[in-house]
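Remarks on the structure that follows.
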Amino acid sequence: MKFKILLASVLVIAGCQTTKETTQADTNQSKTVVEQPTNTPVETVVPIIPIIKKTQPVVAQLTPQQQQDVWDRIAMQITTKIPNNKRVQYYRNWYLNNPRNLEIIAQRAQPFLYYITEQVEKRGMPLELALLPIVESSFDPHAYSNMAAAGLWQIIPDTGRRFGLKQNSWYDGRRDVVKSTTAALNLLEYLNKKFDGNWQQALAAYNTGEGRVFSAIRKNKAAGKPTDYWNLDLPNETSSYVPKLYAVADIIMHPKKYGFHIEPISNKPVIAIVKPGVQMNLTIAAEFAGISTRELKDLNPAYRRGVTAPNGLNHLLLPINKVKHFRRELAQNRNASMITHHHRVKSGESLGLIAKRYHSSIKTIQKVNKLKTTNIRIGQSLTIPASPISLVNRQHRVATHMEVQHYVVQSGDNLWNIAHKYKTSVAKLKQLNSLSKNTVLHQGQRLNVSTIATSKKTAANHKTIHYKVQNGDSLSVIAQRYDISVAEIKKWNNLANNKYIKQGQQLKLVIDRRKVQA
């Protein structure tokens, strides 16, 4: 019995020992005991790998002023909501279908758009106003309308004078890009205040006059109609005016949307104002600047006679990269005022003698004529830039010629009644016609009845236009608009002193052609 109990104990002990088996590995090194895994789960530790997110580089947003293209500078700052109504659609489609139009405009705007944009920005005005010369003049500095409006901003004479633009036979401030921009923006600010901050109504008034817009507003109020621009009864041109501007603005803002490309304009100043302090011939000024006379005149269309004006109106717009060259050349030529004469060299003349005659200098004559030496030959033609010493004193002196009026003698005429009719004397008639004391007149005889001293600005310098009288016009308004007199209008149209003009009436007007030409 004891043996059985002992045997059972041994078996129990042996069973407990075999629950953990061991194996020996025979190696040349010390024995290593390798434990076999048990059924007990073992926790595995997985290393954590940090996830690194790649950050995109922060690109600083360029401001409008940092753009390379002025068009982009303008587009980024237009905050006006452009309506997509039929009128805007019509003009947008027109510009898109006539890309050559904006192509030409972009070329003309190259020298001026940056300057105008800066001026609009400084005043905090809507940036689409920088595009207004597109609608007004297609950015043509020489533009002149049949309403006598002139320059980039198409300002009429009386409005120009109201806003400080001088106009005389030498100079027309409406064509001065710098001066007219100031005047136009002053006018727009004034109109915006008059219309309580409504820019659409202000723009309409810029085009047609504030009185007409106020009248349209009153009419709509009385009829219980809306008084916004789109509902006003305005002339066709004025009704199209704001849609044209908005159509252009929309295209400039979204060129990719409309598949449109407009020639970029560098977003940096390209012109500068120079004040030489002397009256200058534009041809010589162009020589000093190293540019063509045509380019200088396009930058300075305000000067009517090919020279800057006297009495201080002699500033010039020049390409900014030509200013130093101009000042250096002007200084080297002793600030001479430069009036161009053409001289053909005669026997015995020298450059010194010619320079003295024209109040110029040898060096100046050499430079203008590209002469390497002082040698000249008989018959040689020279361009002489001379100082206009007496030019200011004779600025109002106009060369004249005598224009003769004729009269054909009728039955019953005599010298006395003919003299009375033409407000002259019998003695004067006899003198003009070499008549003796006892001369008898014959029917059909042709007589010189008067001589009138007239300026040499003959018909070649004038243009006859036919003007259709608009609502609100008067003779004085038309006279002011075209820089003529009421008496002249009456004379050209045989109007009696007490005769009123009517809307739609056609008037013949004779205007100075030089206002149309550069």
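One point on numbering: in my numbering, the residue at position 200 of the sequence shown is 313, and numbering is uninterrupted.
Even glycine gets a Cβ: it sits at the ideal position worked out from N, Cα and C.
Check: With DSSP collapsed to three states, give me the class of Lys-369.; Outcome: coil
Check: I need the DSSP call for Leu-430, collapsed to helix, strand or coil.; Outcome: strand
Check: Classify Ile-365 as buried or exposed, calling it buried when 16 or more other Cβ atoms lie within 10 Å of its own Cβ.; Outcome: buried
Check: Starting from Ala-317 and walking both ways along the alpha helix (DSSP H), at which residues does that stretch end?; Outcome: 312-321
Check: Measuring only the C-alpha atoms, how far is Asp-285 from Ala-318?; Outcome: 23 Å
Check: Is the stretch 342-350 close to the stretch 213-220, with three or more CB pairs under 8 Å?; Outcome: no
Check: Tell me, which residues are paired with Ile-384 by DSSP?; Outcome: Pro-432
Check: Mapping DSSP to helix, strand and coil, what is Asn-197?; Outcome: coil
Check: DSSP has Val-521 in a bridge; who is on the other side?; Outcome: Arg-559
Check: Leaving out five residues before and five after Asn-506 in sequence, what residues of the same chain have Cβ atoms less than 6 Å from its Cβ?; Outcome: Because the pLDDT at Asn-506 is just 34, under 50, the model does not fix this residue reliably, and the point stays unresolved.
Check: Using the Cβ count rule (16 or more neighbours within 10 Å means buried), how would you classify Ile-378?; Outcome: buried
Check: Sorted by chain position, which residues of the same chain lie with C-beta nearer than 7 Å to Ser-524's C-beta, five sequence neighbours on each side aside?; Outcome: Gln-556
Check: Tell me which residues share the same chain as Trp-266 and place their Cβ nearer than 8 Å to its Cβ, disregarding the 5 neighbours each side in the sequence.; Outcome: Leu-245, Pro-246, Glu-249, Ser-250, Arg-287, Ser-293, Thr-294, Ala-296 and Ala-297
Check: From Trp-624 to Ile-614, what does the alpha carbon distance come to, in whole angstroms?; Outcome: Sequence check: residue 624 is Ile here, not Trp. Near 19 Å, if we compare the C-alpha coordinates of Ile-614 and Ile-624.
Check: If Leu-316 sits next to Ile-384, beta carbons under 8 Å apart, how far is it from one beta carbon to the other, in whole angstroms?; Outcome: About 26 Å; that fails the 8 Å criterion.
Check: Let me check understanding here. Comparing Cα to Cα, which of Lys-621, Lys-576 and Ile-375 lies closest to Ile-591?; Outcome: Lys-621
Check: Going by other Cβ atoms of all chains shown within 10 Å of its Cβ, with 16 needed for buried, is Pro-382 buried or exposed?; Outcome: exposed
Check: Residues in the same chain with beta-carbon distance under 6 Å from Ala-468, minus the five sequence neighbours each way, listed in chain order, please.; Outcome: Ser-474, Ile-475 and Ile-478
Check: When we look at the beta-carbon of Arg-186 and count the other beta-carbons within 10 Å, is it buried (16 or more) or exposed?; Outcome: buried
Check: Measuring CB to CB, does Gly-419 end up less than 7 Å from Leu-395?; Outcome: yes
Check: Pair every Cβ in the stretch 396-416 with every Cβ in the stretch 197-214, then say whether three or more of these pairs are closer than 8 Å.; Outcome: no
Check: Taking Tyr-227 as the reference, give the member of His-255, Val-290, Ser-258 and Gln-174 with the closest Cα.; Outcome: Val-290
Check: With DSSP as the reference, label Ile-624 as helix, strand or coil.; Outcome: strand
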